[in-house]
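Undergrad:
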Amino acid sequence: MLKVENVSKVFRSGAFGGKKAKVIHDVDFEVKPGEVVSLIGESGSGKTTVGRMILRLTSVSEGRITFEDEDISTLRGAGLKSYYRRVQGVFQDPFSSFNPIFKVGRVFRTIRREFLGDLDAAAWEARLTGALNAVGLEVAALDKFPHQMSGGQLQRLLIARALVLDIRLLIADEIISMLDASTRIDVLNLLGDLKRQGLSIIFVTHDLALGNYISDRIIILQKGAIVEMGTTDRVFGDPQHPYTRSLLDAVPHLHERWSDAELKDLGLVADTARFGGHLIEHRKDHLVRVYS
Numbered sequence: 001m002l003k004v005e006n007v008s009k010v011f012r013s014g015a016f017g018g019k020k021a022k023v024i025h026d027v028d029f030e031v032k033p034g035e036v037v038s039l040i041g042e043s044g045s046g047k048t049t050v051g052r053m054i055l056r057l058t059s060v061s062e063g064r065i066t067f068e069d070e071d072i073s074t075l076r077g078a079g080l081k082s083y084y085r086r087v088q089g090v091f092q093d094p095f096s097s098f099n100p101i102f103k104v105g106r107v108f109r110t111i112r113r114e115f116l117g118d119l120d121a122a123a124w125e126a127r128l129t130g131a132l133n134a135v136g137l138e139v140a141a142l143d144k145f146p147h148q149m150s151g152g153q154l155q156r157l158l159i160a161r162a163l164v165l166d167i168r169l170l171i172a173d174e175i176i177s178m179l180d181a182s183t184r185i186d187v188l189n190l191l192g193d194l195k196r197q198g199l200s201i202i203f204v205t206h207d208l209a210l211g212n213y214i215s216d217r218i219i220i221l222q223k224g225a226i227v228e229m230g231t232t233d234r235v236f237g238d239p240q241h242p243y244t245r246s247l248l249d250a251v252p253h254l255h256e257r258w259s260d261a262e263l264k265d266l267g268l269v270a271d272t273a274r275f276g277g278h279l280i281e282h283r284k285d286h287l288v289r290v291y292s
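Letter by letter, the sequence shown follows residues 1 to 292 of full-length UniProt numbering.
1) Starting from glutamate 228 and walking both ways along the beta strand (DSSP E), at which residues does that stretch end?
2) In the DSSP assignment, what are the bridge partners of serine 200?
3) CB-CB under 8 Å to leucine 268, same chain, minus the five flanking residues each way: which ones, in chain order?
4) Taking only the alpha-carbon atoms, compute the straight-line gap between tryptophan 124 and leucine 179 and give it to the nearest angstrom.
5) Whole angstroms are fine: how far does the CA of threonine 183 sit from the CA of threonine 74?
6) Indicate the three-state DSSP secondary structure (helix, strand or coil) for phenylalanine 145 in the structure shown.
7) Going by DSSP, name the residue or residues bridged to glutamine 56.
8) Give the secondary structure of alanine 79 by DSSP, where H, G and I count as helix, E and B as strand, and everything else as coil.
9) Answer yes if the region 137 to 146 comes into contact with the region 164 to 178, meaning at least three C-beta pairs across the two stretches below 8 Å, and no otherwise.
10) Using the three-state DSSP reduction, which class does leucine 279 fall into: helix, strand or coil?
11) For the 8 Å Cβ check, are there 3 or more pairs between the region 24 to 39 and the region 212 to 230?
12) Looking only at its chain, what residues have a beta carbon closer than 6 Å to the beta carbon of serine 13, apart from the 5 residues adjacent to it on each side?
13) Output the boundary residues of the beta strand (DSSP E) element that contains phenylalanine 11.
14) Less than 8 Å between the C-beta atoms of glycine 41 and isoleucine 202, yes or no?
15) Identify every residue that forms a DSSP beta bridge with glutamate 103.
16) Pairing CB atoms from the region 154 to 163 with CB atoms from the region 129 to 136, are three or more of them under 8 Å?
17) Please report the distance separating the alpha-carbon of glycine 54 from that of valine 104.
18) Do the region 79 to 88 and the region 32 to 41 touch if we need at least three Cβ pairs shorter than 8 Å?
19) Please look up how many angstroms separate the CB atoms of lysine 9 and serine 61, rounded, as I've assumed it's under 8 Å.
20) Which residue or residues does DSSP assign as beta-bridge partners of glutamate 62?
Here is the structure:
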């Protein structure tokens, strides 16, 4: 369904071109219908940039991204609008997606005007009610201001906004990092329900436990390059790359005091953060970057 093919991103600094910085290095993966794929890495690993390129919020410097066999960089006008009816993103801070002086229902009126103007009132109400019910909210919630709702409720509204469009792929970028623990599990379970209904999800996170909980496949990014990729059980059950191992070692363990934990030597990890090498198949559904 979605294919990211040897994609790289180069940013330039300065008003007249300036220096070039390659922040994404030959990223290559695909997402199948009804699959949850997690992009995992520390801050600065490039996971958000990859998501933004899929959403066309950031341009691709090299390579290409196709969705249902269409190169998304070529889409214009009606073609681009059709793409956004099928692919949507939800981001970390739900409050930033709402204007504080307007009620939250305004977002949905904008969606109807821009994408679903051909629907009559009855069809629109049925679609809107169905999307809200799917995320556990009532239509009455649309009459509230953003400050009258919790972060979890606003994230649910943003997911409902995407569902109104009958999307096929959701980019979920750190969508639960600002939520409390009880709300987190509710949103994760909601994503699981949507997956079972056939929605594909790219789950961007720095939290390995969350990736393990929700994902079919895991992609580990380090400094813009994929260092390990495969099914969740293979990557987390048999990690091969030093960076993946260091991430897993850094996860806190119950009943272990920080003072008792052994400080890991990250020298090897730093050494493998070079941009050469290539991915090889360690075993079925498990790729690892090796360096010459």
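Backbone N, C-alpha and C define an ideal beta-carbon position, used for all residues, glycine too.
All values reported here derive from a predicted model rather than from experimental measurement.
TA: Concretely, from the data shown:
1) The count along the sequence shown starts at 1 and reaches residue 228 at position 228. For glutamate 228, the uninterrupted beta strand (DSSP E) segment begins and ends at 225 to 231.
2) Position 200 of the sequence shown, counted from the start, is the residue given in the question as residue 200. Answer is Leu169.
3) One-based indexing of the sequence shown puts residue 268 at position 268. With a pLDDT of only 46 at leucine 268, under the threshold of 50, the placement of this residue in the model should not be trusted; the figure read from the coordinates follows. For leucine 268, the CB contacts under 8 Å within the same chain, skipping 5 residues up- and downstream, are Pro242 in chain order.
4) Position 124 of the sequence shown, counting from 1, holds the residue named residue 124. Position 179 of the sequence shown, counting from 1, holds the residue named residue 179. Rounded to whole angstroms, tryptophan 124 to leucine 179 spans 30 Å at the Cα level.
5) Within the sequence shown, numbered from 1, the residue matching residue 74 stands at position 74. Within the sequence shown, numbered from 1, the residue matching residue 183 stands at position 183. Cα to Cα, the separation comes out at about 39 Å.
6) Residue numbering aside, residue 145 sits at position 145 when the sequence shown is read from its first letter. If DSSP states are grouped into helix, strand and coil, phenylalanine 145 belongs with coil.
7) As a working mapping, residue 56 is identified with position 56 in the sequence shown. The question names glutamine, but residue 56 in the sequence shown is arginine. Paired residues: none, contrary to the question.
8) By one-based count along the sequence shown, residue 79 stands at place 79. Note on residue identity: the sequence assigns glycine, not alanine, to residue 79. Under the three-state reduction of DSSP, glycine 79 is assigned to helix.
9) Using a C-beta cut-off of 8 Å, the region 164 to 178 makes no contact with the region 137 to 146, since fewer than three inter-stretch Cβ pairs fall below that distance.
10) Here residue 279 is taken as the residue at index 279 of the sequence shown, counted from 1. In the displayed model, leucine 279 falls within a strand according to three-state DSSP.
11) Short answer: they touch.
12) Translated into positions along the sequence shown, residue 13 becomes position 13. The residues are Lys19.
13) Here residue 11 corresponds to residue number 11 of the sequence shown, with the count starting at 1. Phenylalanine 11 -> beta strand (DSSP E) spans 2 to 12.
14) The residue you call residue 41 lines up with position 41 of the sequence shown. The residue you call residue 202 lines up with position 202 of the sequence shown. Glycine 41 is not a Cβ neighbour of isoleucine 202, given a cutoff of 8 Å.
15) Here residue 103 corresponds to residue number 103 of the sequence shown, with the count starting at 1. The sequence given here has lysine at residue 103, not glutamate. The bridge partners DSSP lists for lysine 103 come to none.
16) The region 154 to 163, when compared against the region 129 to 136, does touch it at the 8 Å Cβ threshold.
17) The residue you call residue 54 lines up with position 54 of the sequence shown. The residue you call residue 104 lines up with position 104 of the sequence shown. Here residue 54 is isoleucine; the residue named in the question, glycine, does not match the sequence. Rounded to whole angstroms, the gap between the alpha carbons of isoleucine 54 and valine 104 is 26 Å.
18) Using a C-beta cut-off of 8 Å, the region 79 to 88 makes no contact with the region 32 to 41, since fewer than three inter-stretch Cβ pairs fall below that distance.
19) Stepping through the sequence shown from its first residue, residue 9 is reached at position 9. Stepping through the sequence shown from its first residue, residue 61 is reached at position 61. Confirmed, about 5 Å.
20) Here residue 62 refers to the residue found at position 62 when the sequence shown is read from its first residue. Partner(s): Ser8.
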